[in-house]
Amino acid sequence: MKQALQLLLGALVLVPCLVQAQPTAPPPSGSPLTLEQCLQFALQNQPVLRQARIDEESNDATIRIGLAGWLPQVGVNATGQHYFQLPYTVFPNAEGVNVPRQIGLKNTSTVGLSATQAIYNNDVRLALRSAKPSRQFYEQNTTTVRIDVVSDVSKAYYDVLLSQRQLDVLSEDIVRLQRSLKDAKARYDAGIVDKTDFKQAEISLNNSIVSRKQAFEAIKAKSAYLKELMGLPGPQPLALRYDTLQLMRDAAVDTTVALEPANRIEIQQLQTQKVLQEAQISYYRWGFLPTLSAFGNYNAVFQNNNFGDLYSRRFPNSYAGLQLSLPIFQGGRRLQNLRRERLTDQRLDQDILATRNRINTEYEQALATYKSYYADYVVGQRNLALSKEVYSVVDLQYREGIKTYLDVIVAQTTLRTAQLNYYSALFQVLSSKVDLLRAQGNLPTQY
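When we follow this note's numbering, the leftmost residue of the sequence shown carries the number 19, and every step to the right adds one.
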């Protein structure tokens, strides 16, 4: 029963570790993924993020090693020895003459139990003061990696979608050009126009086919990059799912939110480093204090000339005491260490100041970029609607013989450009929104 209970407790301890160590299974082959699903998978499987979690666990083990110094240190020592020649000592006899005599027994064995307990120790005091901020620092490092993963995956996701929409636009353009080529050839065969029209149509069609091929290959490369960021195996196919109306709604963001540098993880990390640095300063400031510990020993000594009877009789001894170690002069080492740590603390203050300035610059740049792309996006919506209307009118007038084919080519080119510009502006707005939220320190990392 006792063994079964031990096995059960061991399993309860190991199962959470094993569950955390296992990566999430790849999504079903061919199953389209939304941005949220891509982010969820990436936050579980991205190797860099998994390394950050491992670093957290490794740091926790280091902390526990340092804190172990506060616990009693218990050890067992055993020795055994055999004298081929017993040692001599000199004793005076009755006449006062020193006479050498052998002492001891030929076989001796000692089994000892020793224990020490730190009462005050500057090293373990440092470990205790640094434990909480050290854990916090590594947690913040993991948060930094999560922010990087969310930012990079989101922008790569939008980049793939942009190429896919560009491919759709070019495919639609090819369909229109194929129809125009067919109409121009028919009009040429009927003798209504010369061969210039259908030759121009063929040139435009060939150019669009080449552009579509380039967009198709770009999707492969960008999808591979997105899979790398997600931690998805290379052979695993990746399909994306999105809602255009939802993307249009997501393009808007409140630009009136005031910048608060304290929300940025970089500032939080520097503040945690300040706390760790204060612990180092305190360590050297109080370095002149003595180290005090208690100790105790119990020894069982066995002696006999006959090896077979060595352990037949025990001669125990035990004692306890206090040990005090006080540094008196170290050549000025403690003062110089203290000076160095204080200078490091001053340098951290300058790092915080420089980081605040850099954060302000990043925010202003991200805000300006977002506003610029959003204005382009709004104009692109209007231009797309106008270009569709113009193309419909020009195409109808061409069929009725009012417009030349050159007007049709211009309208088609304008429509294709408007479509490409619109989708480019939309996804640039979404990507710049990610940068803006990151600059504000408000980028969501929980999915």
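Note that the Cβ used here is the ideal one computed from N, Cα and C, for glycine as well.
Just so it is clear, the structure is predicted and the values come from calculations on it, not from any experiment.
Beta bridge counterpart(s) of residue i as assigned by DSSP
i    : result
N315 : S132 and Y337
A96  : V129
L146 : Paired residue(s): none; L146 is not in a bridge.
L342 : L310
Three-state secondary structure (DSSP) of residue i
i    : result
P110 : strand
T463 : coil
T309 : strand
A39  : Confidence at A39 is low in this model, with a pLDDT of 41, below 50, so the placement of that residue should be treated as unreliable; the coordinate-derived value is given next. The answer is helix: DSSP assigns A39 an H, G or I state.
L27  : Caution is warranted here: a pLDDT of 38 is assigned to L27, below 50, making its placement in the model unreliable, and no coordinate value can be reported.
K124 : coil
I137 : strand
Q62  : helix
L51  : strand
Q91  : strand
K20  : A caution first: K20 carries a pLDDT of 39, below 50, which makes its placement in the model too unreliable to give a value.
L277 : coil
F155 : helix
L180 : helix
L104 : coil
CB contact flag (residue i, residue j, <7 Å)
i    : j    : result
Y423 : D212 : no
G130 : N317 : yes
A393 : Y409 : no
Y440 : L277 : no
S169 : V396 : no
S181 : A269 : no
N355 : Y302 : yes
L185 : F155 : no
D177 : K240 : yes
D363 : Q295 : yes
L258 : L51  : yes
R71  : T463 : no
Q135 : A297 : no
G305 : N140 : yes
G93  : S132 : yes
G249 : Q55  : no
A384 : A443 : no
Opening and closing residue of the alpha helix (DSSP H) in which residue i lies
i    : result
V117 : No alpha helix (DSSP H) contains V117, which is instead part of the beta strand (DSSP E) from N116 to Q120.
A436 : Y423 to Q458
G326 : Neither: G326 is in no alpha helix (DSSP H) and is coded neither H nor E.
P253 : Note, P253: premise wrong, no alpha helix (DSSP H); not H, not E.
Unbroken beta strand (DSSP E) run spanning residue i, endpoints
i    : result
N281 : Unbroken run through N281: none, as it is neither H nor E.
(message) Extract the residue ranges of the alpha helix (DSSP H) inside the region 344-417, only unbroken runs of 4 or more that lie entirely within it.
(response) 351-417
(request) Scan the region 196-262 and note each continuous beta strand (DSSP E) run of 3 residues or more that stays entirely inside, going in chain order. (result) none
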